[in-house]
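Asker: Quick one: this structure, given as structure tokens, is what I'll be asking you about.
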Amino acid sequence: MTRVPCMEAVVAVLESEGVDTVFGIPGAAILPLYAALQHSSIRHITVRHEEGGTHAADGWARVTGNVGVCIGTSGPAGTNMITGLYTAMADSIPMICVTGQAATAKLHQEAFQAVDIVEVARPVTKWAVQLKEPAQAPWVFREAFRIARSGRPGPVLIDLPIDVQRGTCLYDRTVDAPLPVEVPRPLPRAVRRAVDLIGEARRPLILAGGGVIIADAAEELLALAEHLQVPVQVTLMGKGAFPEDHPLFAGMAGIQTQTRWGNAAFLESDLVLAVGARFGDRHTGDLDVYRGRRTFIHVDIEPTQLGRVFEPDLGIVSHARPALSALLDEARGRGEAREPGAWPRRVGELRATMARRDDFDDVPIKPPRVFRELNEFYGRDTTFVTAIGLYQIWSGQFQTTYLPRRYLVCGQAGPLGWEVPAAMGVKCAHPERQVVVVVGDYSFQFLMEEVAVAAQYRIPFVIVMINNEYLGLIRQAEIPYEMNFAVDLHYGEGGIDHVKAMEAFGCPARRVEEPGDIRDALAWASAEAARERLPVLVEVMVEREANAAMGPSLKEIKEFEPLPELIAVDWSD
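The numbering of the sequence shown is our numbering, which starts it at 183 and goes up by one.
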């Protein structure tokens, strides 16, 4: 074994774990790690805020399936990472945040920028640890990658006191490798029982959550659905797990991000096979309505997820891919391939008769029209990135997605400002992909400084801003309180001039106020982003007080636009 600076061993571990890009901000307490990093094959992107760095690492992780890495110094750098850690924890994203720290002898003396970041981060990480000995450095990082990837993936924080960083350790990268990650497989008897229940059902649905995408199990899902002729719904985190133009696609159920026909199909179902879904409250709404008399089979890699929201009729602990494969093998072994029947036809009828309008020509522009233009202009392989607010809800209701890891959304934590740094992470991971950010005006302003990072490093993508000059979702939530208070962002000649803000960063931008101009603006932005290698903004001024369809339960969704009548169809055999 050779004795090396322990931070050189750490960087060797990062390289061997498949990390090619890290996001961060150097500071005095983390410089030994940076000294090792500068001579590595790893690209470093200097962000403008540590929260932005975590979201960029998050975006990189979501599209690669690997562990994203963000680095910062001591004190406020670590506390600035907490929102990103929470976001990754909530959405099951593997990520490692590395913080510098004051010397160990100074930790009890309230030294400059010394905070107990391990205790601060513990509730929002799978593991938070402070390195105590230089000899542990490569092995703590190996374990961090294993923990981040294993079971339900999630974030890890590693705190590095500067005196420990300066130490040495015995390490030989030629005899080291990533630690194995267990892939839980379903019990055969549980699989048999699940296939029994599906066979007994007349109107079964498969519900694909984010776990299907994390497990890279989209092919297995498609094969099972087609073999059994069972319609498939997706959760918000599961968008892309199943192609939305497939005849068996059954929409999305929920109380905010939902399709009308998706809710209708769910309410008519009698069995739900949920794979890698955690029954989030914005999906289920009123649990009595959601559960009804349906039979639920819940497959999840994390045992404590089973029964957390409600008790399933059958719980199966398993990684999504082997679970779907085992279900398919069991069904094939019984010769239970089905021909398209009354239930898939009924779902098709609901889809044909219960779509919402998106063809509005109104001025100011109605938000659904923006998503119609996005769907028509961009190809199937485009990666869309969006965050939280009315624009996310409209996106979930109207945007079509066909491939896994092409629709990224911070589904559970919902931090404003997530989109731009996350898009940087996506583009760093896949420079060849078309990346489009869908953002609200207020969310854009949260971390708009990260546009400068994309400009500096020539990271091109298109930003489509839905600008209503409001905290739109909160304004709509205030309606039952009969108020419109503290949510209006309009001032002067239209508030912040986002076109000029982008130009200040050195990036092109254009404002759109007529629906007929949206397509040309998207074409211009896509061409400019590719030509200039810069982020480009299309700011779409929309109806200021437009509302998104939502309600307290799947059967009580309030619509705000005229809708066609539901056509009664006899789908029974």
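Just so it is clear, CB atoms sit at the ideal spot from N, CA and C, and this is done for glycine as well.
The structure presented is a predicted model; accordingly, all values stated were derived computationally and were not measured.
(1) I'd like the span of the alpha helix (DSSP H) that includes T434, first residue to last.
(2) Measure the alpha-carbon distance for A750 versus A447 and round it to whole angstroms.
(3) Determine the DSSP secondary structure at K288, reduced to helix, strand or coil.
(4) Assign P734 to one of two classes, buried (16 or more other C-beta atoms within 10 Å of its C-beta) or exposed (fewer than that).
(5) What does the Cβ neighbour count give for S223, buried or exposed, with the cut at 16 atoms within 10 Å?
(6) In chain order, what residues of the same chain lie with their CB nearer than 7 Å to the CB of Y216, ignoring the 5 residues before and after it?
(7) Ignore the nearest five residues each way along the sequence and tell me which others in V694's own chain have a CB closer than 8 Å to its CB.
(8) By a C-beta neighbour count over all protein chains shown, 10 Å radius and 16 as the cutoff for buried, is I395 buried or exposed?
(9) Quick one: what does DSSP say G458 is sitting in, helix, strand or coil?
(10) What does the alpha-carbon distance come out to for the pair V669 and R657?
(11) Under 8 Å, with one C-beta from each stretch per pair, do the stretch 243 to 262 and the stretch 192 to 207 reach the 3-pair mark?
(12) I need the straight-line Cα distance from L590 to I275, nearest angstrom please.
(13) Less than 9 Å between the C-beta atoms of R551 and P744, yes or no?
(14) What residue ranges within the stretch 494 to 559 form continuous alpha helix (DSSP H) runs of no fewer than 4 residues, ordered along the chain?
(15) Relative to the alpha-carbon of T565, which residue among E484, M606, D341 and Q283 has its alpha-carbon at the smallest distance?
(16) Tell me, which residues are paired with D482 by DSSP?
(17) Could you name the residues that DSSP lists as bridge partners for C610?
(18) Measure the alpha-carbon distance for P522 versus S332 and round it to whole angstroms.
(19) Taking C-beta to C-beta, are V454 and P386 nearer than 9 Å?
(20) Using DSSP's beta-bridge definition, name the partner residues of M647.
(21) Check L196 in the structure and name its three-state DSSP category.
(22) What does the Cβ neighbour count give for P586, buried or exposed, with the cut at 16 atoms within 10 Å?
(23) Would you say the stretch 185 to 201 touches the stretch 313 to 327, given that touching needs at least three Cβ pairs under 8 Å?
(24) Would you mind reading off the limits of the beta strand (DSSP E) that contains M277?
(25) What separation, rounded to the nearest whole angstrom, lies between the Cα atoms of C689 and A709?
(26) Between the Cα of N666 and those of S625, E727, I641 and V620, spot the shortest distance and give me the residue it belongs to.
(27) As an exercise, report each continuous beta strand (DSSP E) stretch of at least 3 residues that is fully enclosed by the stretch 398 to 434, in chain order.
(28) Contact check, T486 vs A459 under 8 Å by CB: the rounded distance?
(29) Quick check: what's the CA-CA separation for A409 versus E401?
(30) Could you round the C-beta distance between W242 and A611 to whole angstroms and report it? I think they count as a contact, below 8 Å.
Answerer: On the basis of the data shown:
(1) With the sequence shown as reference, residue 434 is identified as Met, and Thr is not the correct amino acid for it. Looking at the DSSP string, M434 is not in any alpha helix (DSSP H), and its letter there is neither H nor E.
(2) Here the model assigns A750 a pLDDT of 46, short of 50, so the residue's position is not dependable, and the following value carries that caveat. Spanning the two alpha carbons is a distance of roughly 13 Å.
(3) helix
(4) By the Cβ neighbour-count rule, P734 is exposed, with fewer than 16 other Cβ atoms within 10 Å of its own.
(5) exposed
(6) So the qualifying residues of the chain are P208.
(7) I547, I700, A703, V720, E721, V722 and M723
(8) buried
(9) Here G458 sits in coil by DSSP.
(10) Rounded to the nearest angstrom, the two C-alpha atoms are 6 Å apart.
(11) yes
(12) 11 Å
(13) no
(14) Segments of the alpha helix (DSSP H) lying fully in the stretch 494 to 559: 502 to 515, 524 to 535 and 549 to 559.
(15) The shortest Cα separation from T565 among E484, M606, D341 and Q283 belongs to M606.
(16) V499
(17) The bridge partners DSSP lists for C610 come to none.
(18) 38 Å
(19) yes
(20) V621 and E721
(21) helix
(22) By the 16-neighbour rule on beta-carbons within 10 angstroms, P586 is buried.
(23) yes
(24) M277 to Q283
(25) 13 Å
(26) E727
(27) 414 to 416
(28) Rounded, the Cβ-Cβ distance is 15 Å, inconsistent with contact.
(29) A small correction: the amino acid at residue 409 is His; Ala does not occupy that position in the sequence shown. Answer to the nearest angstrom: the Cα atoms are 12 Å apart.
(30) 5 Å
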